[in-house]
Each structure stands twice: as C-alpha cells, then as structure tokens.
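Each protein sequence line maps, in turn, to chains A and B.
For the first sequence, the numbering used here gives the first residue as 43, with consecutive numbering after it.
For the second sequence, the numbering used here gives the first residue as 43, with consecutive numbering after it.
All C-beta atoms, glycine included, are put in the ideal place defined by N, C-alpha and C.
Working notes, beginning with the structure itself.
Protein chains: 2
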Amino acid sequence: MSLLVVGSIALDSVQTPHGVVTDALGGSATYFSYAASYFCPVRLVGVVGEDFPVAHRELLNSRGIDTSGLVVEKGGSTFRWSGKYEGDMNSADTLEVHLNVLGTFDPELPASFTDTPFVFLANGSPAMQRKVLKQTKTRKLVVADTMNLWIEIQRDELVELIREVDGLVLNDGEARMLTQEINLVSAGQKVLDMGPSFVIIKKGEHGAMFLSREETFVMPAFPLADVVDPTGAGDSFAGGFMGYLASVGSTDPTSLKKAMAYGTVVASFNVQDFSLRRFQRTDRAEIDRRLDTYRSMMSF
Amino acid sequence: MSLLVVGSIALDSVQTPHGVVTDALGGSATYFSYAASYFCPVRLVGVVGEDFPVAHRELLNSRGIDTSGLVVEKGGSTFRWSGKYEGDMNSADTLEVHLNVLGTFDPELPASFTDTPFVFLANGSPAMQRKVLKQTKTRKLVVADTMNLWIEIQRDELVELIREVDGLVLNDGEARMLTQEINLVSAGQKVLDMGPSFVIIKKGEHGAMFLSREETFVMPAFPLADVVDPTGAGDSFAGGFMGYLASVGSTDPTSLKKAMAYGTVVASFNVQDFSLRRFQRTDRAEIDRRLDTYRSMMSF
C-alpha cells in the first residue's frame, strides 16, 4: 500500500565532531520518504523555494518517491536549518533557522493523494497537521510527530490532533513535557489516555519505547561505533516504521513490533553519514541483513 | 557451581521521590549476593561493625548465602552511605559517606572459599581487588566492577586489574572516563584492548551494552512505571548475570547473552522498592516469568 508524508524539505548545514556539510538535502519529509522508499510507494507533500536544486528532486524521484505534491514557490527560498552536535551527539544546538517558504506552508493534497491509506504527519504545527488530516479520505493508519515548540505554544490544537491520530511519535523530553511525568512508561500511558492507539517515545542513542494498551516494550538503538551525524534519525526511524507497515498493509501487534525493528535499523544507516549519503549506499537487502543481525543480538 | 563475591556491606539512608529509608541494608556485595542467590550457592566476603543488626545477617543466611566470610570488626561501625535521587533518578547525589570499618578492609578469603570457580570483585580499590584475586586458586570466571574514583586515583592498579580479569563491568560515564572515547561502542572496544574477554557497560534506565571480540549488543532495561529506588541496580544486575552463569557452569556466548537478560530482569525487581524489599517478595519462578515477558518483548 502507499504512504503519504507531509513535512519539511530543508537545506541543512550541520557540524558534528566528524565533519561539516553546507546546504545538504534534509528536512523531516525528506528523511522520512527516503527511508520509507525501501519498503513501499511514497507520496511526498512539501514546499521548497526556487533555489532548490533540481538534482535533489531527481534523487527523490530516483527512489520512486512521487514528488508531484512538492510545491516550488516562485521567488521563495527553501527552508534552511543549521545546527551543531557535540559530545555524545544526543541533541543538536540550533545555530540558525530560516523558515522561508516553510513559514507560510499551507499544504494542499493533490487529488490523487487523498485516498492514501498510510499517512505520516511529520513535525509541523498541529493546526497545519489537522488541516492535512481533514483532506485525507480513506485512511488505514495516521501517525503524527511533534516537538517541544508546539507543546508550548499550540497545546490545545496538539491535544485535538492527538485525539484524532492512531499513533504519536515524540522524543523522551517532549513526552515528559507533554505529560508532566518523568518516568517514560507513565508518560507514555498518559499519552495513550489522550486518545491514540499507540505512542512511540524516541530516546536517541538509547532506542525507542513503544506503548499501546496491550503492551510496552523498548527496542535499543543498533550499536554503532561510527555515528557521524544524527540529523534525521527520528524521521528515518518513522520512515522505516511506516514504510514497513504500508508494505504489509497491516497494523496488527506483530507488524507493529517488526516495524519498530525496521525503523531502528533504517535509522542506524542514516546516522552513519551526513544527509542521505549512507542511504544512497544501501539497499533493501543490506537493511534486511542488518535486521537479521539485530534480531539475533536480542535473542537469548 | 558456587560464586564468590567480595565487596561492601552498608547501612544506606536513601531519599527518592517515592520515599525515604534510614540505615537500610545495602552495599554492593549485599545486592549482588541476594540477586545471585536465586541461581546458585553464594559465598560472601565483607566487613561490618558491631552495630550490624543480626537480622540482616539472618536475612542473607535465609537465602542460603554463606556468610562465614563476613567479618564483624570489634568496636567498629558499619559502612554508611546516604544519598538522594531526583528527577529521572539516573544518578544519586551522595549526601554522606562514612567508610568506618570499610576504610581498612583487607579481605582474607576463608580457606574453604579459595577454590570458588566464579568470582565477582565488587567495586573497591583495584589494589584490594587484586589482593583478593591472588588468594583465589581455581577460577573459571573472574569479573570486576569499578568506579570513577579508582579511574582517577588508582589508574595504574586498575589497568593491571583489567588485564587480569575475564570481564569488566562499569557504567557509561566511567567507560568514557577510562578510555577518553565518547561513543560507547568505541569505548567498549578500547576496554577490550586492555585485556578482558568481555566488558559490560551499564546505562542505568537505558539498559546495558555487552562487548566481546565476537559480538556487540545492547539489552534495554525492563520498562517499569514503578521505579522506586535505583540503589543497587548495577550490583543486582551483576548478581543475576554471574549467578546465572555459575548455575549453568558455562561462559560460552549463548550463556553470556542469557546471563545479560537475567541480570536485566533481576535488576528490574530490585528497583521496584527500597533496599531488598522487592527481592524479598519474589522468587525464581516470578523472575523466570518476567524473563519470558522480556524475551517476547524483543522478539519480532
């Protein structure tokens, strides 16, 4: 089945202890769609400026990603983010943000996208995410990401959104901020009380926790000595997770758990180089081999 | 097979967001031996003062722990530690330490203990740990714990110790301090280069990483909403780990991995109440049921 993602397309400038990139292809919808493209047909909705290199769109198309929902705003500039990672690289220091065309992004789904069964609302204002949701017609699974900013300034809209989606993805600090619970299991349970069927709490280098009414489990990150750039890890995780679910067309507990494992493994490739570079050097067969390794790591 | 532990016996005063205890039974060798007692015969070597309650020794004896190596120093006071946990409870603020009889502890193994095949050197000065090691005759597996203090003030002795043991257990911050590597996989590999067959890096609420020349894997902590007091979690982990290995009399990779899982599960019981209280309400059957749950959590 096909998978729709609505989110940001960015030109990222990133510094880590392992190097620097300038105006590299990034953004939540970019990482998500590239990661998901190993599993299923992906439909991308986003906005860029006239400065967005043709080669970047071609790269996405080369993975079979449908970019007919990618709007090029005349006279506009693409969203730019620059950040720096130090030490354990668990969080970025944002150096500069230029929203540019993203600041007035009011996504309209192409008619051919409104029946997409699997939908991912990448991080964005809850008001915008809800407007997108209203444009979808037949949905099998809707998952949303969010961030601390929206918990602070659009909490009511966010609470409404959480009520409307099937799954919510957020990181540990955001889960604590949203629920005022320090213990992550308790925080996750409070999110479930807000409406969704499941919640995924991302813990950076420590993996991710999944909670539903039926079960709670943690999947550790795939251990790597060569973590080069964590940018996009969370969106790559979500892309692998949703991509696998769309590929099997199912949301039963067994599929959700395997999707968590795929998300973890796909994210582990992403962090091994800047931007989409490591993804460009992998394929589904290598992802499946690492999944097998990951499975055997946790078998006892 | 039997298991020897040499380490501290303490009277702990602990504050957490969930309550307070005063002069409760604690110490590395206490948590370790109680945790290991679910699996194999345990021999404990330590020192206490005349103020050490008889009931505490009886509690250890009631689990079959051989306390004939527990020295009561005349006129002395038992080691006391008091600490406070806040927020995510990942680390304690030490409020007071009174070494008392532990300050001059020079452990001598009872003759009947020198042939114990499995040996755990709980956290203590590397010089002391090495003196104990020299007293052991036939050893199948020796594992040592350490802490930041010894990395700072007895680094040379610690390096010698690490060369002599089969396995080293330390936490993430200590691994980084010892090796000057921020990435934990790289840090673990550097520890392996120092001599031991394996290293276990404890990550608190995020579980533990195992590294040997053959494999690297992470086991997440068992997810719990009711974490009451993390004191002794690392020693309980080590007790479950070594106890299981001693019970099967093996140190092959399959046994080591299952031991990591048992250590994780045993530690999860420990943190659910203060001191040894939760341990006192469990048994091997319940531990095995949680191990089954843990296994199914990570099966996909």
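Spell out whether any CB of chain B is found under 8 angstroms from the CB atom of residue i.
{"i": "A/ARG337", "result": "yes"}
{"i": "A/PRO262", "result": "yes"}
{"i": "A/LYS173", "result": "no"}
{"i": "A/LYS232", "result": "no"}
{"i": "A/LYS300", "result": "yes"}
{"i": "A/PHE342", "result": "yes"}
{"i": "A/GLY209", "result": "no"}
{"i": "A/LYS245", "result": "yes"}
{"i": "A/VAL269", "result": "yes"}
{"i": "A/GLY249", "result": "yes"}
For chain A, is any of its Cβ atoms less than 8 angstroms away from the one on residue i?
{"i": "B/ILE224", "result": "yes"}
{"i": "B/GLY129", "result": "yes"}
{"i": "B/SER228", "result": "yes"}
{"i": "B/LEU266", "result": "yes"}
{"i": "B/ALA303", "result": "yes"}
{"i": "B/THR221", "result": "no"}
{"i": "B/THR258", "result": "yes"}
{"i": "B/VAL307", "result": "no"}
{"i": "B/GLY60", "result": "Reading off the sequence shown, one finds His at residue 60 of chain B, where the question assumed Gly. With 8 angstroms as the cut-off, B/HIS60 does not count as an interface residue toward chain A."}
{"i": "B/MET236", "result": "no"}
{"i": "B/LYS126", "result": "no"}
{"i": "B/LYS116", "result": "no"}
{"i": "B/MET170", "result": "no"}
For residue i and residue j, which I take to be in contact (beta-carbon distance under 8 angstroms), what is that distance rounded to the nearest angstrom?
{"i": "A/PHE311", "j": "A/ASP271", "result": "Rounded, the Cβ-Cβ distance is 12 angstroms, inconsistent with contact."}
{"i": "B/MET251", "j": "B/GLY230", "result": "6 angstroms"}
{"i": "A/PRO152", "j": "A/SER110", "result": "6 angstroms"}
{"i": "A/TYR304", "j": "A/LEU333", "result": "6 angstroms"}
{"i": "A/SER50", "j": "A/SER70", "result": "5 angstroms"}
{"i": "B/MET340", "j": "A/MET131", "result": "Between A/MET131 and B/MET340 the Cβ distance is about 25 angstroms, and since that is not below 8 angstroms, they are no contact."}
{"i": "A/ILE195", "j": "A/LEU220", "result": "In fact, because the Cβ distance is near 13 angstroms, the residues do not count as touching under 8 angstroms."}
{"i": "B/ARG172", "j": "B/GLU206", "result": "7 angstroms"}
State buried or exposed for residue i, treating a residue as buried only when at least 16 other CB atoms are found within 10 Å of its CB.
{"i": "A/GLY129", "result": "exposed"}
{"i": "B/SER75", "result": "buried"}
{"i": "B/GLY291", "result": "exposed"}
{"i": "B/GLY209", "result": "buried"}
{"i": "A/ILE242", "result": "buried"}
{"i": "B/VAL139", "result": "exposed"}
{"i": "B/SER79", "result": "buried"}
{"i": "A/HIS60", "result": "exposed"}
{"i": "A/ARG85", "result": "buried"}
{"i": "A/ARG218", "result": "buried"}
{"i": "B/VAL56", "result": "buried"}
{"i": "A/ARG122", "result": "buried"}
{"i": "B/GLU247", "result": "buried"}
{"i": "A/GLY274", "result": "buried"}
{"i": "A/LEU200", "result": "buried"}
{"i": "A/GLY344", "result": "Because residue 344 of chain A is not part of the residues shown, which for chain A are 43 to 342, the question remains open."}
{"i": "A/THR58", "result": "buried"}
{"i": "B/GLY145", "result": "exposed"}
{"i": "A/ALA186", "result": "buried"}
{"i": "A/ASP214", "result": "buried"}
{"i": "B/ALA97", "result": "exposed"}
{"i": "A/ALA52", "result": "buried"}
{"i": "A/SER289", "result": "buried"}
{"i": "B/ASP277", "result": "buried"}
Within 8 angstroms of any Cβ in chain D, is that where the Cβ of residue i sits?
{"i": "B/VAL47", "result": "Structure shown: chain D not included; protein chains present are A and B."}
I want to check one thing, is the minimum distance from the CB of residue i to the heavy atoms of the ligand ADP below 7 angstroms?
{"i": "B/ASP148", "result": "Ligands are entirely absent from the displayed structure, and the ligand ADP is therefore not among its contents."}
>> Give the list of continuous beta strand (DSSP E) stretches no shorter than 3 residues that lie fully inside the segment 143-225 of chain A.
In response: You should have 160-163, 183-187 and 209-213.
>> To test your reading of the DSSP string, which unbroken alpha helix (DSSP H) runs of 4 or more residues are found completely within the segment 56-82 of chain A?
In response: At a cut-off of 4 residues, the continuous stretches assigned as alpha helix (DSSP H) that sit fully inside the segment 56-82 of chain A are 70-78.
> When the Cβ atoms of the segment 119-127 of chain A are set against those of the segment 235-244 of chain A, are three or more pairs found closer than 8 angstroms?
Replying inline: A contact is defined here as three or more CB-CB pairs under 8 angstroms, and the segment 119-127 of chain A fails this definition with respect to the segment 235-244 of chain A.
>> If we require 4 or more residues per run, which alpha helix (DSSP H) segments fall completely within the segment 240-326 of chain B?
In response: For the segment 240-326 of chain B, whole alpha helix (DSSP H) runs of length 4 or above, ordered along the chain, are 275-290, 295-312 and 319-322.
> Which ranges does the beta strand (DSSP E) cover as unbroken runs of at least 3 residues, wholly within the segment 109-144 of chain B, from first to last along the chain?
Replying inline: Runs of the beta strand (DSSP E) inside the segment 109-144 of chain B: 121-127 and 134-140.
> Given 8 angstroms as the limit, is there contact between the segment 298-313 of chain B and the segment 280-288 of chain B, that is, 3 or more CB pairs closer than that?
Replying inline: The segment 298-313 of chain B, when compared against the segment 280-288 of chain B, does touch it at the 8 angstroms Cβ threshold.
> Three or more C-beta pairs closer than 8 angstroms, one from the segment 57-67 of chain A and one from the segment 161-180 of chain A: is that the case here?
Replying inline: Taking a contact to require three or more Cβ pairs closer than 8 angstroms, the segment 57-67 of chain A and the segment 161-180 of chain A do not qualify as touching.
> Using 8 angstroms as the threshold, is the segment 141-158 of chain B in touch with the segment 111-122 of chain B, meaning 3 or more CB pairs across them?
Replying inline: Between the segment 141-158 of chain B and the segment 111-122 of chain B, the count of Cβ pairs shorter than 8 angstroms is three or higher; the stretches touch.
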